[in-house]
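Protein chains in written order, with UniProt numbering: chain A, 1 to 378; chain B, 1 to 378.
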């Protein structure tokens, strides 16, 4: 099987598995227990907190571990919104966020929050102008993804956060797809609140984290919570967190090499597709928007993505038609529609995403399958 | 180190670690992905659902996997309350529930739910009379733990559920401490909604499940959720779930033997304590209430539990003064206070909890430490 859906999930690395195994044997106490077994777990947990803070250039007291990216988004937004003064009940996000945020918006609306949804420009970017046109006196928090999980388009958070900073509006960013792939640097990007996840970068599933810049007020979603300084209730998954941090550190340690590797795969895919007459086009030209190197979001111009995905699957190749968290939904993806695609065009979207061990040979096998499909009676 | 705090957390069994390892290598796809890698994960997930349904004698379509016991309690209660008709806005629980439920109660109250808190009798039991005295016309849901995590006292759910069934009131039970230790049988106990957790029975941390008897209406806490039929959002942790189910099946397979083993340890502890003149008494006599065999909740009559816990810790033995999820709180435990203890008595509480590999020799070493402590200048 050729797996090209790393943006949906990745296997744990050998290193992460090893750390998980060792921690389960040695550090199985409940991190909240007051005896040495608990102390040992708490010690590792705090070590992981420091490590993660280092990886994002933040401060350890701002790190809260969770059960994954979705929970991170939900708790981060609710906790920070809860901490805003009554005069700041306007929340802005985008039409292209992960489903966890899109779904939370309905809940926030029913709770009386005033919500604005920004539409990116035709290159998938939220520009300072778009952001400014949505800001109001009572805007308290803005949530903009660092990069899109389907199109791979990266937002210029540095530019956007400076607009918000001047106006004392907080910025949350969902960096689930970018963490470990491109730099996620708290000061440089200027976010106040951050979501990251473990299983997209070879850590275990069921682990994630939130960073809230120390000093920013927030209130627990579940009052009375003691774990994670009140941020998330429930026994902390220390072995999983240790494995996550090991995986994240390894990815960040080889970021430059991996990025070059991904660029090579991506460019090979599109260049060869063109040479072979395969009707495959990136959803956005790289000159018009920065894109994540490991995600190739593209249109297959002659057929629905669903059909191409199934054809690939029949040939032992796993690609996707978009976010797995919205799989099974019949509607075309809002992230693709935002690029100006008609419904019909948007349904021709496929996502090919690479892992650290993906090879040029695998790209060639994918291209061969796409070529056969192109010349079949479509 | 002698670890005697298995009620707080247990290490993963070799078997569970092996399953986790294999699934991470072979079944790493996102269970929501539509290609074969996703299909494989979904297949294992559904196998686990069937297995867990079998272990509780329920139906697979009622099983929803979560990130642990606390999240299970929170989502189960909120989802089922959301599904009740407007005429049923009264919720009853007990004063001795796990902190996740006690904390949720504050949130529910602020959302306008009418709440009653039942106090058990002096043997820690919720009797049918106590339950009846709290039921009202508009009672929709009652949550009663299967057994207490501190005292080990087991509730007679069979008796209580029949009271509720006649009156069409739903019963949720938190079986985090009982699942895998004593039978948790859907039809026999008669619960409608169930919470279980993985890491108390040698599965990984960060995994749990909820059972909602099919046919009972519920509404997602987060509207629009696709994973787990809308019950819980976020990528499903299939390797963790697989390991949980392997651990649970193993525990249930040897329940009788283990129960006898635990009984032996428990009875040795109290008999020897008495013989040696150690001022250690069970919080409740077994003739007055059924207790979990692996939890010895007791009073050390001559000193605060905190002091005993630290003395044991100094001697390399991990015991606790109560639930790890409430560790660090200064108040005496509500579960111990409910037994009629004064504040001072309640602060003399310690919990000793056994694992499958706990030995009589370890009990003797604990007794020796307790004995030395008893005869020191207390």
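All residues carry an ideal CB built from backbone N, CA and C; glycine is no exception. Being a predicted model, the structure only gives us computed values, none of them experimental.
In this structure, what does DSSP give as the bridge partners for residue i?
| i | result |
| --- | --- |
| residue 90 of chain B | B/114, B/139 |
| residue 297 of chain B | B/351 |
| residue 282 of chain A | A/298 |
| residue 244 of chain A | BP columns for residue 244 of chain A are empty, so no partner. |
| residue 64 of chain A | A/210 |
| residue 195 of chain B | B/174, B/210 |
| residue 318 of chain B | B/3 |
| residue 154 of chain A | A/147 |
| residue 270 of chain B | Beta-bridge pairing links residue 270 of chain B to no other residue. |
| residue 291 of chain A | A/153 |
| residue 179 of chain B | B/182 |
Check whether the Cβ of residue i lies closer than 7 Å to any Cβ atom in chain A.
| i | result |
| --- | --- |
| residue 57 of chain B | no |
| residue 307 of chain B | no |
| residue 233 of chain B | yes |
| residue 242 of chain B | no |
| residue 13 of chain B | no |
| residue 237 of chain B | yes |
| residue 247 of chain B | no |
| residue 7 of chain B | no |
| residue 299 of chain B | no |
Can you list, in chain order, the residues of its chain whose CB lies under 6 Å from that of residue i, leaving out five sequence neighbours each side?
| i | result |
| --- | --- |
| residue 222 of chain A | 233 |
| residue 134 of chain A | 92, 116, 118 |
| residue 183 of chain B | none |
| residue 58 of chain B | 186, 211 |
| residue 136 of chain A | 90 |
| residue 15 of chain A | 246, 250 |
So with Cβ pairs under 7 Å, would you call residue i a contact of chain B?
| i | result |
| --- | --- |
| residue 206 of chain A | yes |
| residue 48 of chain A | no |
| residue 255 of chain A | no |
| residue 224 of chain A | yes |
| residue 318 of chain A | yes |
| residue 313 of chain A | yes |
| residue 3 of chain A | yes |
Kindly list the residues whose CB is nearer than 7 Å to the CB of residue i, restricted to its own chain and excluding five residues on each side of it in sequence; keep chain order.
| i | result |
| --- | --- |
| residue 55 of chain A | 248, 249, 252 |
| residue 217 of chain B | 83 |
| residue 74 of chain B | 100, 104 |
| residue 316 of chain B | 1, 2 |
| residue 335 of chain B | 96, 148, 150, 151 |
| residue 48 of chain A | 241, 242, 245 |
| residue 268 of chain B | 360, 363 |
| residue 276 of chain B | 367, 371 |
| residue 404 of chain B | The requested residue 404 of chain B is not part of the displayed model; chain B covers only 1 to 378. |
| residue 166 of chain A | none |
| residue 356 of chain B | 258 |
| residue 32 of chain A | 38, 226, 227 |
| residue 238 of chain B | 23, 27, 31, 41, 44, 45 |
Considering only their Cβ atoms, is the gap separating residue j from residue i smaller than 7 Å?
| i | j | result |
| --- | --- | --- |
| residue 76 of chain B | residue 207 of chain B | no |
| residue 209 of chain B | residue 65 of chain B | yes |
| residue 124 of chain B | residue 289 of chain B | yes |
| residue 173 of chain B | residue 144 of chain B | yes |
| residue 69 of chain A | residue 236 of chain A | no |
| residue 393 of chain A | residue 141 of chain A | There is no way to answer for residue 393 of chain A, as the model of chain A reaches only from 1 to 378. |
| residue 279 of chain B | residue 302 of chain B | yes |
| residue 259 of chain A | residue 5 of chain A | no |
| residue 67 of chain A | residue 67 of chain B | yes |
| residue 254 of chain B | residue 293 of chain B | no |
| residue 338 of chain B | residue 120 of chain B | yes |
For residue i, I'd like the list of residues in its chain whose CB is within less than 8 Å of its CB, leaving aside the five on either flank, ordered along the chain.
| i | result |
| --- | --- |
| residue 157 of chain B | 144, 146, 171, 173, 189, 190, 191 |
| residue 46 of chain A | 60 |
| residue 40 of chain B | 26, 27, 29 |
Next item on the list: Quick one: which residues of the region 65 to 84 of chain A get their C-beta closer than 8 Å to a C-beta of chain B? List them in chain order.
Entry: So the close ones are 67, 68, 69, 70, 71, 74.
Checklist line | Under 7 Å (Cβ pairs) to chain A, residues found in the region 19 to 37 of chain B | finding: Cβ contacts with chain A: 21, 24, 25, 28, 29, 30, 32, 33, 34, 35, 36, 37.
Notebook entry, point to check: Between the region 173 to 201 of chain A and chain B, which residues of the former have CB atoms less than 7 Å from a CB of the latter, in chain order?
Noted result: Residues of the region 173 to 201 of chain A with a C-beta less than 7 Å from any C-beta of chain B: 199, listed in chain order.
Checklist line | Residues in the region 101 to 124 of chain A having any Cβ partner in chain B nearer than 8 Å | finding: Within the region 101 to 124 of chain A, those residues whose Cβ lies closer than 8 Å to any Cβ of chain B are, in chain order, 102, 103, 104, 106, 107.
Next item on the list: With 7 Å as the C-beta to C-beta threshold (strictly closer), list the residues of the region 358 to 376 of chain A near chain B in chain order.
Entry: Within the region 358 to 376 of chain A, no residue has a Cβ lying closer than 7 Å to any Cβ of chain B.
Notebook entry, point to check: In the region 128 to 142 of chain B, which residues sit with their C-beta less than 8 Å from some C-beta in chain A, listed in chain order?
Noted result: Going along the region 128 to 142 of chain B in chain order, one finds no residue with a Cβ nearer than 8 Å to chain A.
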